[in-house]
Structures are given as C-alpha cells and as structure tokens.
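Residue numbers (my numbering), protein chains in the order written: chain A, 1 to 114; chain B, 1 to 114.
From the three backbone atoms N, C-alpha and C, an ideal C-beta is built for every residue, glycine too.
See below for the structure under consideration.
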Amino acid sequence: GDSVTQMEGPVTLSEEAFLTINCTYTATGYPSLFWYVQYPGEGLQLLLKATKADDKGSNKGFEATYRKETTSFHLEKGSVQVSDSAVYFCALSGPGTSYGKLTFGQGTILTVHP
Amino acid sequence: EAQVTQNPRYLITVTGKKLTVTCSQNMNHEYMSWYRQDPGLGLRQIYYSMNVEVTDKGDVPEGYKVSRKEKRNFPLILESPSPNQTSLYFCASQQGSGGNQPQHFGDGTRLSIL
C-alpha cells in the first residue's frame with residue numbers, strides 16, 4: 001500500500017537558518033503530494049502541493065519539488081523564522097484513490113529559536 | 001469564513017460511556033473524513049464520506065461509527081469508548097473527491113478515555 005516516510009525529528013534551528021525536511025514516498029503510479037503544517041493548538045493547513053512529476057509547490061517561502069525518480073518531496077526554506085515553529089506533515093493521495101484519501105508521514109516537529 | 005468546526009475541543013470521559021464528536025463544514029463540500037493523530041504515527045483515516053448517506057471505512061475504523069445525514073455534518077460516534085481511543089481527532093472536508101484537491105481541517109478534538 002501507499003506510505004510516506006519523513007525524516008526523524010524534532011528539528012531545532014536558529015532564526016534565518018536553512019531548513020530541509022526530507023520526505024520520501026511509496027505509491028503506485030503518480031500520486032499527488034502535499035505538505036501540511038500544524039501550528040500549536042490548531043488543525044492542519046495546506047502549505048503547498050504538487051500534482052505531477054517535476055512540479056514545484058511553493059508558499060510562504062517554502063518550496064518542494066516532486067521528484068519521481070527518487071520518490072521524494074523534500075521541504076525547504078532558505079531562512080526560517082520563529083513563527084515557522086510547527087509540526088510539518090508530508091502526505092500523498094494516490095492516483096488510484098478516487099475518494100481523496102490522504103496518507104500521512106509521521107510528522108516533523110520544527111522549533112526555531114531567536 | 002470557510003471553516004470546519006469540531007466540538008468539543010477537549011473531552012475527558014470514562015470507559016464505556018458513549019460519546020459523539022460533531023463536525024460541521026460551511027463550504028458545501030461533498031467529501032468529509034475523520035482522522036486520528038497519535039505520536040509517531042501521523043494521521044490515520046478512520047472513516048470517510050463521499051456524500052450524503054455514503055460512508056466507508058478508512059484504515060482504523062474499529063470502535064467507531066459515523067453518519068452523514070446532511071451534507072454539512074459528519075459526526076463521529078464512539079459507542080463504547082476504550083482507553084486505546086485516547087487520541088487527537090481531526091475532521092476534514094474536501095471539494096469533490098479527486099486526489100489532487102487539498103483538505104480543510106478542523107482544529108481538533110482531544111479525547112481522553114480513562
């Protein structure tokens with residue numbers, strides 16, 4: 001079945017540092033890929049998405065590129081802020097999934113210090 | 001404002017006492033889903049609904065029931081809660097059922113079953 005693996009956390013960075021959170025997936029065909037962010041006490045919000053190979057999703061300074069050859073969708077940001085502290089989830093929706101089911105990774109806790 | 005509303009946000013109860021978590025969305029979305037979030041496991045789908053009176057099991061449906069009598073509401077029912085259902089629960093909705101559509105999440109319900 002479909003699966004998503006995220007890098008182990010938590011991740012702790014200083015403000016303005018470069019961020020990478022690795023995400024790899026297993027799925028048949030060409031799934032849609034998502035990054036969701038969860039701020040403390042809140043639900044998940046869509047951060048960015050990519051629906052086909054080589055697509056780059058971007059939002060709020062975050063980027064991720066859909067790499068079919070390496071089955072990866074790593075999240076990057078060039079300069080993190082304290083306000084980026086949150087839990088980040090990589091997720092996929094498989095092409096054979098007609099009902100929009102999301103398969104999530106385990107989440108990565110990011111803490112950014114001033 | 002487009003939103004998914006869950007109630008209650010927090011609940012502490014005892015084993016065997018039936019409870020219902022309500023979920024309502026104001027976006028006229030066809031697709032709704034329930035997830036549970038547990039540390040190290042990410043989010044796992046419990047049940048989903050593609051439209052009124054159409055529901056089906058997700059990955060972890062045991063011990064839960066749902067109903068979809070109206071398009072906007074999708075309650076989660078625990079007929080006889082047990083401690084292993086202590087978790088953080090999220091309701092989500094989506095326009096259509098295609099795999100490339102983002103899901104909108106509620107703020108979560110934290111259940112503690114003693």
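Given residue i as reference, the closest of the options once Cα atoms are compared
{"i": "N59(A)", "options": "A17(A), L75(A), L110(A) and T70(A)", "result": "L75(A)"}
{"i": "S33(B)", "options": "S112(B), R110(B), Q103(B) and L114(B)", "result": "Q103(B)"}
{"i": "S32(A)", "options": "Q106(A), A64(A) and P114(A)", "result": "A64(A)"}
{"i": "F90(B)", "options": "P83(B), Q6(B) and N51(B)", "result": "Q6(B)"}
{"i": "K69(B)", "options": "S49(B), M27(B) and L114(B)", "result": "S49(B)"}
{"i": "F18(A)", "options": "F104(A), V82(A), G107(A) and Q106(A)", "result": "V82(A)"}
{"i": "E42(A)", "options": "E79(B), V4(B), L76(B) and Q101(B)", "result": "V4(B)"}
{"i": "Q45(B)", "options": "N22(A), L47(A), A91(A) and I109(A)", "result": "A91(A)"}
Any chain B beta carbon closer than 8 Å to residue i
{"i": "G9(A)", "result": "no"}
{"i": "Q106(A)", "result": "yes"}
{"i": "F89(A)", "result": "yes"}
{"i": "E76(A)", "result": "no"}
{"i": "E63(A)", "result": "no"}
{"i": "T51(A)", "result": "yes"}
{"i": "G57(A)", "result": "no"}
Local conformation of residue i per DSSP, three classes
{"i": "N26(B)", "result": "coil"}
{"i": "N84(B)", "result": "helix"}
{"i": "V4(A)", "result": "strand"}
{"i": "S83(A)", "result": "helix"}
{"i": "G61(A)", "result": "coil"}
{"i": "R36(B)", "result": "strand"}
{"i": "T28(A)", "result": "coil"}
Chain A contact for residue i (CB, 8 Å cutoff)
{"i": "N51(B)", "result": "no"}
{"i": "P83(B)", "result": "no"}
{"i": "P102(B)", "result": "yes"}
{"i": "Q45(B)", "result": "yes"}
{"i": "Y64(B)", "result": "no"}
{"i": "G16(B)", "result": "no"}
{"i": "F74(B)", "result": "no"}
{"i": "L11(B)", "result": "no"}
{"i": "Y48(B)", "result": "yes"}
{"i": "L41(B)", "result": "yes"}
Beta-carbon proximity list for residue i, same chain, < 6 Å, skipping 5 on both sides
{"i": "Q45(A)", "result": "V37"}
{"i": "D121(A)", "result": "This structure cannot settle anything about residue 121(A), because the visible part of chain A is limited to 1 through 114."}
{"i": "L88(B)", "result": "Q37, G108 and R110"}
{"i": "L13(A)", "result": "V80 and V112"}
{"i": "T51(A)", "result": "S32"}
{"i": "S80(B)", "result": "G16"}
Cβ shell of residue i (< 7 Å), same chain only, five flanking positions each side left out
{"i": "H29(B)", "result": "S93, Q94 and Q95"}
{"i": "S93(A)", "result": "P31, S32, G100, K101 and L102"}
{"i": "S82(B)", "result": "T15, G63 and I113"}
{"i": "S24(B)", "result": "T5, R72 and N73"}
In DSSP terms, what residue i is bridged to
{"i": "L114(B)", "result": "Answer by DSSP bridge pairing: none, since L114(B) is not bridged."}
{"i": "I21(A)", "result": "L75(A)"}
{"i": "Y89(B)", "result": "R36(B) and T109(B)"}
{"i": "G42(B)", "result": "D38(B)"}
Any chain C beta carbon closer than 8 Å to residue i
{"i": "F34(A)", "result": "The structure shown contains no chain C; the protein chains it does contain are A and B."}
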